[in-house]
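All residue numbers for the sequence shown refer to the numbering used here, where the first residue is 94 and numbers rise by one.
Yeah, the Cβ is synthetic: ideal placement off N, Cα and C, and Gly gets one too.
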Amino acid sequence: MLLSTLMPNVFVKALRKLPDLHDEQYALQTCMSYYDSTSGPQENTLVLPLCKKIKKRIVYTVLEYSPLLDSCNMATDDWARIGKDIEKHYEKYDGFVILHGTDTMAYTASALSFMCEHLGKPVILTGSQVPIYEMGNDGRDNLLGALLIAGQFVIPEVCLYFHHKLYRGNRVTKVDSGSFNAFNSPNLAPLTNADVDIKNNWDTEWRANTTSRFRVSTQMNRNVGLLKLFPGITAVTVKFFLQAPMEGIVLETYGSGNAPDNRADLLEEFRNATERGVIMVNCTQCLRGTVTTSYATGKALSDAGLVAGCDMTSEAALCKLSYVLARTDLSIEAKRMMLSQNLRGEMIADLQGAKLTLSDSDDLDEVTKSLSISCKEQEAVRDGLTPTLACAASKIGDLEALDAVKELVRNSYINTSSHPCINRFDRVFIDVYQISNINSAKKINVLFSGPSSSMDSPMLGGRTGVSSHCMVMLHLSMTYMSITLCSLA
Ligand SMILES: NC(=O)C[C@H](N)C(=O)O
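Now the structure itself:
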């Protein structure tokens, strides 16, 4: 650890010697890794070798933190530091990979997912169970996998890559301390499976759907806590845990969000706390599943003022609480509301509230007009957007909106009744209405042959161009670094 400050860029020097992670010949030929026209010599810039799967160069720059921390020693300030570094370098890189200890990686991933507002690029955390310089380690594979994904695909989320799988960062939890398959995302399928081929699950991917500028909010409220219910817990314990300065609690309850409803003393402590303004979020102790009020024992908690945490992990709920409570501009009610909303794909979406408002064709016309494009181009945009709108309407089962989209297409081609689109859309809409499983957007997607209907479009998912530039941020544990230095000596 002492040496890591005396010997800057130790990790980069070691990576440079690993042919899987750096193509030294290419770097020398192009002078790429030693010179950057804007900022001078770049000794910490490396390049992945070409392989059959990727047709372009992935160039990455390593930023090494000092001192290196075991992730158990990390706290909110360390999250803020990483967030600020992403913000600082955001424009210059296509993606970010953060090397992090596994023990608290799920917390950091969750925290960053909330701190990064309007994210439009991949931020991927990864690490290893066995140090990267030991025989049979998983660190190299994990780093390579994370770089390949960050360098090739626009997955604008904070993710966690481990053991061939890319997960949404705020959905993961560490489930195994002694296996390479250390993480699980119990309530959401992986975003990507990277086995022989890299297969992205574009349907699952979360997009901020905003044009606002990316920013990192580093304000996190530290007066939050995690309390696990257990049979026989005393009201005194709960009372002490909930007292000031505590402002927010994640209560880990039984099964689908249940607590004893025959314990008036406990329920009273919960009610007293929520009435004092402490925000309590109800999350299940179970690995998988969601919180409901279908049992009386679950309803007792919502009556005591707890916010339902749906299917959030405790890690995500705690970080969300910390992020939301730091918003001094919001009232308690607004904060409670925000906690029950899906902010970054951390919980199952409330599709009831997500109705499309397509009352008439003006909406789309306004969109195309505001783009200041020619009539021909407007038609192309309309053709491209209508299938997607129809898919969205059918996904949430909104037949009214589906009718509106259909009308829009009819009105657009009113003077060209022989236009092939009319027939195509008629056929497609009949198919859409007839699909019994109306929630399956994927099926509906296949029915459309419109230009932008496929989520596999390179515009939406795959990154085009000759090269992309990622940034790796090192947050390796100190233990690892001492091992590193021993083996380098
Ligand atoms: N394998 C590991 O990554 C564990 C280590 N204690 C850490 O979280 O930094």
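Excluding its 5 nearest sequence neighbours in each direction, residue 347 has C-beta neighbours in its own chain below 7 Å: 322, 378, listed in chain order. A straight-line Cα-Cα distance of about 20 Å links residue 367 and residue 422. Proximity to residue 434 across 289, 207, 105 peaks at 207, based on C-alpha coordinates. For residue 390, the uninterrupted alpha helix (DSSP H) run begins and ends at 389-396, by DSSP.
Of the heavy atoms belonging to ligand 1, none sits nearer than 7 Å to the Cβ of residue 209.
Taking C-alpha positions only, residue 235 is separated from residue 252 by approximately 13 Å.
Using a cutoff of 7 Å, the CB of residue 231 does not count as near ligand 1, since none of the ligand's heavy atoms is closer than that. The way I'd put it, the region 167-184 doesn't touch the region 133-150; fewer than three beta-carbon pairs between them come closer than 8 Å. Taking a cut-off of 8 Å on C-beta distances, the region 241-250 does not touch the region 398-409, as fewer than three cross pairs fall below it.
Here DSSP, grouped into helix, strand and coil, assigns residue 481 to helix. Around the CB of residue 283, 16 or more other CB atoms lie within 10 Å, so the residue is classed as buried. Shortest gap from the CB of residue 165 to any heavy atom of ligand 1: under 7 Å. By a beta-carbon distance limit of 8 Å, residue 326 does not contact residue 335. Their separation comes to about 12 Å. Proximity to residue 432 across 419, 402, 438 peaks at 402, based on C-alpha coordinates. Within 7 Å of the C-beta of residue 271 there is not a single heavy atom belonging to ligand 1.
In this structure, the beta-carbon distance from residue 352 to residue 394 falls below 8 Å. Sorting 350, 400, 345 by C-alpha distance to the C-alpha of residue 370 places 400 at the top. Ranked by how close their Cα comes to the Cα of residue 281, the residues 427, 214, 258, 237 have 258 in first place.
Per DSSP, residue 321 lies in no alpha helix (DSSP H); the unbroken beta strand (DSSP E) holding it starts and ends at 317-321. Using a Cβ distance threshold of 8 Å, residue 397 and residue 429 do not count as a contacting pair. Within the region 336-406, the complete beta strand (DSSP E) segments at least 3 residues long are 341-346, 372-377, listed from N- to C-terminus. Setting aside the 5 residues that flank it on each side, residue 181 has no residue in the same chain whose C-beta is closer than 8 Å to its C-beta. For residue 304, there is no enclosing alpha helix (DSSP H), since its DSSP letter is neither H nor E. For residue 375, the CB contacts under 6 Å within the same chain, skipping 5 residues up- and downstream, are 344, 346, 350, 384, 394, 399, 401, 402 in chain order.
Counting of Cβ neighbours within 10 angstroms places residue 285 among the buried residues, the total reaching 16 or more.
Beta-bridge partners assigned by DSSP to residue 107: none are found. Fewer than three Cβ pairs drawn from the region 227-243 and the region 297-305 lie within less than 8 Å of each other, which leaves the two stretches out of contact. Contact between residue 309 and residue 209 holds: their C-beta atoms lie close to 6 Å from each other, under 8 Å. Beta bridge pairing from DSSP links residue 140 with 152.
In the three-state scheme derived from DSSP, where H, G and I count as helix and E and B as strand, residue 419 is classed as coil.
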